[in-house]
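Note that the protein sequences, when read in sequence, are chains F and A. The numbering used here puts the first sequence at residues 129 to 355. The numbering used here puts the second sequence at residues 129 to 355. The beta carbon of each residue, even a glycine, is placed where N, CA and C say it ideally should be. For reference, the structure is listed below as structure tokens.
Protein chains: 2
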Amino acid sequence: MERIEIFKQAELFRSLDDETLRLLSERAIEKRLERNEILFLADDEAKGLYLIAEGAVRAFRTGHDGREQIIHIERAVATIAELPVFDDGKYPSTVAAEEPTLLYFLDKNEMRRRCFEHPQIALSAAALFARRLRGCAELVEMLTLREVSQRLARYLFEQAQETGEPDGNGAIRFKQNLTHNQLAARIGTVREVVTRSFYRLQNQRLIETRNKDVLIYDLQALAAYFD
Amino acid sequence: MERIEIFKQAELFRSLDDETLRLLSERAIEKRLERNEILFLADDEAKGLYLIAEGAVRAFRTGHDGREQIIHIERAVATIAELPVFDDGKYPSTVAAEEPTLLYFLDKNEMRRRCFEHPQIALSAAALFARRLRGCAELVEMLTLREVSQRLARYLFEQAQETGEPDGNGAIRFKQNLTHNQLAARIGTVREVVTRSFYRLQNQRLIETRNKDVLIYDLQALAAYFD
DNA sequence: TCCGAACGGTGACAAAAGTCACGATTCATC
DNA sequence: GATGAATCGTGACTTTTGTCACCGTTCGGA
Chain F
129 MERIEIFKQA ELFRSLDDET LRLLSERAIE KRLERNEILF LADDEAKGLY
179 LIAEGAVRAF RTGHDGREQI IHIERAVATI AELPVFDDGK YPSTVAAEEP
229 TLLYFLDKNE MRRRCFEHPQ IALSAAALFA RRLRGCAELV EMLTLREVSQ
279 RLARYLFEQA QETGEPDGNG AIRFKQNLTH NQLAARIGTV REVVTRSFYR
329 LQNQRLIETR NKDVLIYDLQ ALAAYFD
Chain A
129 MERIEIFKQA ELFRSLDDET LRLLSERAIE KRLERNEILF LADDEAKGLY
179 LIAEGAVRAF RTGHDGREQI IHIERAVATI AELPVFDDGK YPSTVAAEEP
229 TLLYFLDKNE MRRRCFEHPQ IALSAAALFA RRLRGCAELV EMLTLREVSQ
279 RLARYLFEQA QETGEPDGNG AIRFKQNLTH NQLAARIGTV REVVTRSFYR
329 LQNQRLIETR NKDVLIYDLQ ALAAYFD
């Protein structure tokens, strides 16, 4: 696929005309990451933003013990590390690849110039940031005001809505592909507690797990559990 | 003071010309809040944004038990609830006054029109959101990866930097005006644990509290404690 | 198909956080 | 200065979370 076609799919660039897109995409520098390879570290000097053309990345913070807390995940086609373009600060979190990933790097000064020429970029960025802020506020609430099994319930609820398939008698089924470690990094805990939280939800008859499948009997009941 | 002079001080409007500012400020609807009065609730239908002309507000989320977690505080002159202007969603958190507060309300549709006429607003908004996102990511890290006394240490550290005065022999002193309950809502815990965390820090010889005063012997040591 | 690494389950335990009750102190205001 | 409300200190306790060790299972390449 043409670079320009990829760029057009990113929320940040959706509103741009082909000519500008071509300019942008021609200057972009390609970069490939393997699974778990780190793109940059939190507080690194920020040189620009990245467009994710294939694959997915996670943005996270690390504690002393090395425990990770994921802030958000972005998958192709999307951008990451846009903040420094607008406030000239450092990278706000560490970013690593969730899977083999193809990225295009865009210099922040060039991006800034494009923003003045094409204010729609700033509007898109504002909308993008707005969504992120919502997610982040939600995350804060979950982390500090709910307990782990509620956070897990919420995660499963969202997965069910995104990828769930009806399973006869009103239940919903979906594949749970993350390891307990990955799950833990998302909901703010550790592996063992994830295991035990799954049991809690099973004992409450809210879910059933078989292999990598999760079966949710009643979405409403699950929502009621965490909300 | 003239409304327009106040508006000009808000980051969001700083780049606007006087004529536009006049238009905006003339349409704004005044609103006064007493201490702890609620402006709107999280998930309320968003009608527009507010400019804080005097006073300060807190944006927070509430748990079932009524416990509050503050996401951020904004004090005059600043804006709040700008998100819905850019992504048309609901209010992302509950907002209440920290002290008697004077606000000006601006309709979101009008704001949106102004954004198209004056793209600098979108750029300012992007910069503003960028700063908020940094704060929020930081908050997530603190809440989930550090323990309470570290979070308290960090809060005191920041206060020391903002309002601290040197106190002879290299120490720094400042007034701690918040109640333990308010403090708890900021650092994500409850009153009693705040009390005990203060003791921890004292026992570690990192701080000394006398009345409402906090004395920090060594800022670096305090920073090392939480970082 | 075999092997080593990654992953998941589990018990025992430690530590942190939260809850409750109650009394002492401080504060705001009359 | 008196007084009621808000705030703070504190001990005893429960719950949740995190840690550690260990073992069986699964998975992904050679």
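Problem set entry | Secondary structure of G183(A), DSSP reduced to three states | Reading the second sequence from its first residue, position 55 is the one you call residue 183(A). In the structure shown, G183(A) sits in coil (DSSP, three-state: anything other than H, G, I, E or B).
For this session: Run down chain A in chain order and give the residues with a C-beta less than 7 angstroms from the C-beta of D215(F).
Result: As a first step, residue 215(F) must be located in the first sequence, where it is residue number 87. By Cβ distance, chain A contributes A255, A258, R259.
Problem set entry | Beta-ladder partner(s) of I198(A), from DSSP | Sequence index remark: in the second sequence, residue 198(A) carries index 70 (1-based). Its beta-bridge partners are F188(A).
Exercise. In chain order, what residues of the same chain have a beta carbon less than 6 angstroms from the beta carbon of R203(F), not counting five sequence neighbours either side?
Worked result: For the purposes of this step, residue 203(F) is taken as residue 75 along the first sequence, with counting starting at 1. These residues qualify, in order along the chain: A184.
Problem set entry | Contiguous alpha helix (DSSP H) assignments of at least 4 residues, all confined to the stretch 290-320 of chain A | 308-315
Exercise. When the cut-off is 8 angstroms and only beta carbons count, does I199(A) lie next to chain F?
Worked result: Residue mapping note: residue 199(A) aligns to position 71 of the second sequence, counting from 1. Judged by the 8 angstroms Cβ criterion, I199(A) is in contact with chain F.
Exercise. Using 8 angstroms as the threshold, is the stretch 324-341 of chain A in touch with the stretch 298-311 of chain A, meaning 3 or more CB pairs across them?
Worked result: yes
Problem set entry | Within 8 angstroms, strictly: CB atoms of R189(A) and T148(A) | Here the question's residue 189(A) lines up with position 61 in the second sequence. Here the question's residue 148(A) lines up with position 20 in the second sequence. Taking 8 angstroms as the Cβ cut-off, R189(A) and T148(A) do not qualify as a contacting pair.
Problem set entry | Limits of the alpha helix (DSSP H) - the one that V268(A) falls within | As a working note, residue 268(A) is residue 140 in the second sequence. Residues 248-273.
Problem set entry | Separation of D215(F) from L177(F), as counted between CA atoms | In the first sequence, counting from the first residue as 1, residue 177(F) sits at position 49. In the first sequence, counting from the first residue as 1, residue 215(F) sits at position 87. Taking the straight line joining both Cα atoms gives about 13 angstroms.
Problem set entry | N- and C-terminal bounds of the beta strand (DSSP E) containing Y353(A) | Mapped onto the second sequence, residue 353(A) falls at position 225. Counting along the chain, Y353(A) falls outside any beta strand (DSSP E), though it belongs to the alpha helix (DSSP H) covering 347-354.
Exercise. Is there a Cβ from chain F that is less than 8 angstroms from the Cβ of L140(A)?
Worked result: Counting from 1 along the second sequence, the entry for residue 140(A) is found at position 12. Not one chain F Cβ lies under 8 angstroms of L140(A).
Exercise. Roughly how many whole angstroms lie between the Cα atoms of A253(A) and R142(F)?
Worked result: For the purposes of this step, residue 253(A) is taken as residue 125 along the second sequence, with counting starting at 1. For the purposes of this step, residue 142(F) is taken as residue 14 along the first sequence, with counting starting at 1. Taking the straight line joining both Cα atoms gives about 19 angstroms.
Problem set entry | Nearest residue (CA-CA) to K340(A), options A349(A), Q330(A), D355(A), K303(A) | Your numbering for residue 340(A) matches position 212 in the second sequence. It is K303(A).
Exercise. According to DSSP, is R240(A) helix, strand or coil?
Worked result: Counting from 1 along the second sequence, the entry for residue 240(A) is found at position 112. Note: R240(A) maps to helix in three-state DSSP.
For this session: List the residues that DSSP assigns as beta-bridge partners of E336(A).
Result: For the purposes of this step, residue 336(A) is identified with residue 208 of the second sequence, where counting begins at 1. In the DSSP output, where bridge partners are listed per residue, E336(A) has L343(A).
Problem set entry | Backbone CA spacing between A255(F) and D145(F) [nearest angstrom] | The residue labelled residue 255(F) in the question sits at position 127 within the first sequence. The residue labelled residue 145(F) in the question sits at position 17 within the first sequence. Looking at the two C-alpha atoms, the distance is approximately 19 angstroms.
For this session: Determine the direct distance from the alpha carbon of A312(F) to that of I198(A), and round the result to whole angstroms.
Result: Within the second sequence, residue 198(A) is the residue found at index 70, counting from 1. Within the first sequence, residue 312(F) is the residue found at index 184, counting from 1. About 24 angstroms.
Exercise. Looking only at DSSP bridge pairs, what is T222(F) linked to?
Worked result: Indexing the first sequence from 1 puts residue 222(F) at position 94. Looking at the DSSP assignment, T222(F) forms a beta bridge with F188(F).
Problem set entry | Segments assigned beta strand (DSSP E), at least 3 residues, entirely inside the stretch 134-180 of chain A | 157-161, 166-168
Exercise. So with Cβ pairs under 8 angstroms, would you call E269(A) a contact of chain F?
Worked result: For the purposes of this step, residue 269(A) is taken as residue 141 along the second sequence, with counting starting at 1. Yes, its Cβ sits closer than 8 angstroms to a Cβ of chain F.
Exercise. Does DSSP classify A288(F) as helix, strand or coil?
Worked result: In the first sequence, the residue the question calls residue 288(F) occupies position 160. The answer is helix: DSSP assigns A288(F) an H, G or I state.
Exercise. Along chain F, in chain order, which residues have C-beta atoms closer than 8 angstroms to that of T207(A)?
Worked result: Here the question's residue 207(A) lines up with position 79 in the second sequence. In chain order: nothing, as chain F lies at least about 13 angstroms away.
Exercise. So, helix, strand or coil for A281(F), using DSSP?
Worked result: Translated into positions along the first sequence, residue 281(F) becomes position 153. Here A281(F) sits in helix by DSSP.
For this session: Flag this pair as touching only if the stretch 229-244 of chain F and the stretch 155-171 of chain F have three or more C-beta atom pairs under 8 angstroms; answer yes or no.
Result: yes
For this session: Leaving out five residues on either side along the sequence, give the residues of the same chain with a beta carbon under 7 angstroms from the beta carbon of A351(A).
Result: Counted from its first residue, the second sequence places residue 351(A) at position 223. Here the set comprises F285.
Exercise. Is it true that the CB of V268(A) sits closer than 8 angstroms to the CB of V276(F)?
Worked result: Indexing the first sequence from 1 puts residue 276(F) at position 148. Indexing the second sequence from 1 puts residue 268(A) at position 140. Their beta carbons are not under 8 angstroms apart, which means V276(F) does not touch V268(A) by this criterion.
For this session: Name the two residues that bound the continuous beta strand (DSSP E) containing D235(A).
Result: Your numbering for residue 235(A) matches position 107 in the second sequence. Unbroken beta strand (DSSP E) run through D235(A): 229-235.
Exercise. Which partner residues does R203(F) have in the DSSP bridge list?
Worked result: For the purposes of this step, residue 203(F) is taken as the residue at position 75 of the first sequence. DSSP lists A184(F) as partners of R203(F).
Exercise. Given a threshold of 16 other Cβ atoms within 10 Å of its Cβ, counted over all protein chains shown, does H200(A) qualify as buried or as exposed?
Worked result: Here residue 200(A) is taken as the residue at index 72 of the second sequence, counted from 1. By the 10 Å Cβ count, H200(A) comes out buried.
Exercise. To the nearest angstrom, how far is it from the Cα of R195(A) to the Cα of P228(A)?
Worked result: Position 67 of the second sequence, counting from 1, holds the residue named residue 195(A). Position 100 of the second sequence, counting from 1, holds the residue named residue 228(A). About 22 angstroms.
Exercise. Per DSSP, L208(A) forms a beta bridge with which residues?
Worked result: In the second sequence, counting from the first residue as 1, residue 208(A) sits at position 80. According to the sequence displayed, residue 208(A) carries Ile and not Leu. Answer is Y178(A), bridged to I208(A).
For this session: Run the CB neighbour count on L271(A), radius 10 Å, all protein chains shown included, and call it buried at 16 or more, exposed below.
Result: The residue you call residue 271(A) lines up with position 143 of the second sequence. When all chains shown are included, L271(A) counts as buried.
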